[in-house]
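**Student:** First the structure, then my questions, so here it is.
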C-alpha cells in the first residue's frame, strides 16, 4: 500500500516571509530576436531540419 503524505506549506511560508530581507543583484544580458524568412534548399545531414 502506498501512503500519500502531502507537502507541508510551512517551509514555503517561511521562505516567502524571508523575501523581504533579501538583497538581490541581477546580472545578465539583453537579447533581441530577429526572424528571417528564407527559402528551404535542402534537409540538413546532421539533423532532419530544413536549411
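In the working numbering, the protein residues as written are -8 to 42.
For glycine and all other residues, C-beta sits at the position ideal for the given N, C-alpha and C.
1. Pull up the CB-CB distance for residue 35 and residue 42, whole angstroms please, since I reckon it's below 8 Å.
2. Can you tell me which of 20, 19, 5 puts its alpha carbon nearest to the alpha carbon of residue 13?
3. With DSSP collapsed to three states, give me the class of residue 36.
**Tutor:** Taking the coordinates as given:
1. Residue numbering aside, residue 35 sits at position 44 when the chain shown is read from its first letter. Residue numbering aside, residue 42 sits at position 51 when the chain shown is read from its first letter. Contact holds; Cβ gap of about 5 Å.
2. Taking the first residue of the chain shown as 1, we reach residue 13 at position 22. Measuring from the Cα of residue 13, the nearest candidate turns out to be 5.
3. Residue numbering aside, residue 36 sits at position 45 when the chain shown is read from its first letter. Reduced to three states, the DSSP call for residue 36 is coil.
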